[in-house]
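Residue numbers (the numbering used here): 25 to 508.
What follows is a set of notes on a single structure, which appears directly below.
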Ligand code: BG6
């Protein structure tokens with residue numbers, strides 16, 4: 025597929041996201057020679073940098089964030105030659121004519137044929153509307169343009185609607201790419217393939233055979249220098265509203281008619297149905313079904329006391345034919361014991377105990393989907409322990425490790441997603457209705473915490489999180505699966 029040249033403008037071009045994820049993602053594309061010929065990358069920020077200064081800054085960031093064995097002089101040279109920097113305060117009306125000049129000045133394009141313009145808004149979502157308006161005023165928005173929005177979009181349903189309205193006045197929905205980088209993870213896409221390119225799971229993927237589902241995204245890092253943003257957001261807005269609910273959708277959704285091709289909405293339609301089927305958590309349901317936590321050193325790290333949560337555990341239910349009565353337990357937190365993201369689908373016990381005289385233990389069948397680190401899958405079974413004499417039952421597992429099964433390195437999510445933006449493929453991006461449905465579900469939880477003054481319970485860094493999260497499952501006679 026030969027793509028036309030692209031002008032990739034990153035608003036927030038010197039920010040953490042740009043330097044840690046976006047430019048390394050573009051570099052990997054460059055290394056694979058996937059960037060369209062004639063592509064330019066324009067970093068926009070308030071920093072007083074010229075092109076040379078920006079090239080230096082980006083080069084240093086690439087040395088820090090790209091795998092050492094991927095650093096190639098040729099690719100580095102090709103990528104940095106594409107870089108430009110424009111000093112611009114996007115909150116002010118001044119200086120936009122220079123962006124106009126740069127984007128309109130493409131001697132390599134015949135008159136009337138413009139480059140594909142991609143505007144990546146790696147800034148706070150309050151600036152999305154004003155930036156889109158300015159681009160529109162300058163005549164920089166054409167049908168070939170795309171805009172990429174970083175999460176979180178707004179801080180609640182009303183503000184996310186305002187942001188979506190403001191962007192939607194300038195760009196059509198087909199031009200808007202709302203990024204959730206979890207959808208770009210190989211392991212997450214593989215979940216779709218595992219579910220729908222095989223026959224054996226589908227017949228048991230329902231309330232008849234599944235006892236419950238656990239989704240864990242555990243991080244060892246704290247908030248670091250992102251405190252300014254994070255303290256306003258908290259774990260529910262930062263992780264649950266987007267990443268964890270998207271994972272839940274992919275586990276719970278009905279088979280879409282297609283994945284790929286031009287059927288960009290098939291997957292998104294099915295995810296939306298799941299979000300709309302989530303049983304609302306309101307009032308004192310929230311007290312029973314959610315746990316709000318904060319690690320004990322958070323305030324010190326931040327520099328002031330705070331009641332923002334750095335940990336959430338909750339119990340959700342999808343009210344539809346397939347999942348009625350099956351709890352989905354979600355949890356995520358910072359400064360936990362392990363860096364680990366997993367989905368556990370725990371099956372019911374066999375209907376009839378056929379080995380009453382056997383020794384040993386049986387555990388329920390369980391499918392573990394390890395998203396990171398060490399992507400893979402494990403199917404936990406009960407097997408016969410080898411040996412003469414009576415039957416002795418023993419837990420065993422079928423293991424699939426991506427690193428062992430495939431030679432290829434998994435691309436980083438941003439690499440994959442940026443390529444999709446350039447190709448104009450929106451399947452792995454969130455549609456407006458999905459984002460708003462997710463906010464609609466999360467908002468009453470935030471409201472209840474606020475109204476009832478629910479303070480986060482403290483947990484020590486390096487632990488599994490607050491004990492209340494254990495009790496959430498213990499009340500249902502279940503436990504979290506740890507360290508698989
Ligand atoms: C981001 C959150 O969206 O995802 C961060 O804002 C979080 O707080 C990060 O650390 C986790 O992503 P990953 O890919 O490292 O699991």
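Ideal Cβ placement from N, Cα and C applies to all residues, glycine included.
All of these numbers come straight from a predicted model, not from anything done at the bench.
Check	Outcome
N-terminal and C-terminal residue of the beta strand (DSSP E) that residue 181 is part of	Not the beta strand (DSSP E): residue 181 falls in the alpha helix (DSSP H), residues 181-192.
Residue 357, enclosing beta strand (DSSP E) - first and last residue	351-357
Per-residue DSSP class, three states only, for residue 231	coil
Given 8 Å, three or more beta-carbon pairs between the region 408-415 and the region 160-180	no
Buried versus exposed, by CB contacts within 10 Å (16 or more), residue 182	exposed
Bridge partners - residue 405, DSSP secondary structure assignment	420
Those runs of the alpha helix (DSSP H) which lie wholly inside the region 432-508 and span at least 4 residues	437-447, 456-475, 491-498
Beta strand (DSSP E) runs contained entirely in the region 86-150, provided each spans 3 or more residues	107-111, 140-145
Residue 262 CB to nearest heavy atom of ligand 1 below 7 Å	yes
In DSSP terms, what residue 515 is bridged to	With the chain covering 25 to 508 only, the question about residue 515 has no answer from this structure.
Exposure label - residue 446; buried when at least 16 CB within 10 Å	buried
Heavy atom of ligand 1 within 7 Å of residue 241 beta-carbon	yes
Per-residue burial, residue 345 [other beta carbons within 10 Å of its own, 16 or more giving buried]	exposed
Backbone secondary structure at residue 80 - three-state DSSP	helix
Integer-rounded CB distance, given that residue 95 should sit under 8 Å from residue 87	7 Å
Residue 398, DSSP secondary structure in three states	coil
Sequence-distant residues of the same chain with beta carbon closer than 6 Å to residue 73, five excluded per side	109
Helix, strand or coil at residue 31 according to DSSP, with G and I counted as helix	strand
With 16 other Cβ atoms within 10 Å as the buried cut-off, status of residue 378	exposed
Proximity test, residue 396 beta-carbon vs ligand 1 heavy atom, cut-off 7 Å	yes
At least three beta-carbon pairs within less than 8 Å, the region 427-444 to the region 230-248	no
Nearest-angstrom Cα separation, counted from residue 297 out to residue 474	28 Å
Selected residue, minimal CA-CA separation from residue 191, among 144, 216, 503	144
The region 221-237 in contact with the region 471-487 per 3-pair CB rule at 8 Å	no
For residue 360 and residue 242, believed in contact at Cβ under 8 Å, the rounded distance	4 Å
Within 8 Å, strictly: CB atoms of residue 142 and residue 170	yes
Test item: CB-CB of residue 114 and residue 35 under 8 Å	yes
For residue 388, the nearest candidate out of 293, 401, 370 (CA to CA)	370
Residues near residue 60 in its chain [Cβ-Cβ closer than 7 Å; skip 5 each side]	27, 28, 29, 30, 446
Cβ-heavy atom distance, residue 89 to ligand 1, below 7 Å	no
Residue 240 - DSSP class collapsed to helix/strand/coil	strand
Selected residue, minimal CA-CA separation from residue 89, among 65, 40, 97, 62	40
Proximity to residue 334 [Cα-Cα], best of 319, 326, 425, 76	319
C-alpha gap between residue 396 and residue 173, whole angstroms	24 Å
Where the alpha helix (DSSP H) through residue 221 begins and ends	Run containing residue 221: none; DSSP gives neither H nor E here.
Straight-line Cα distance separating residue 313 from residue 105	53 Å
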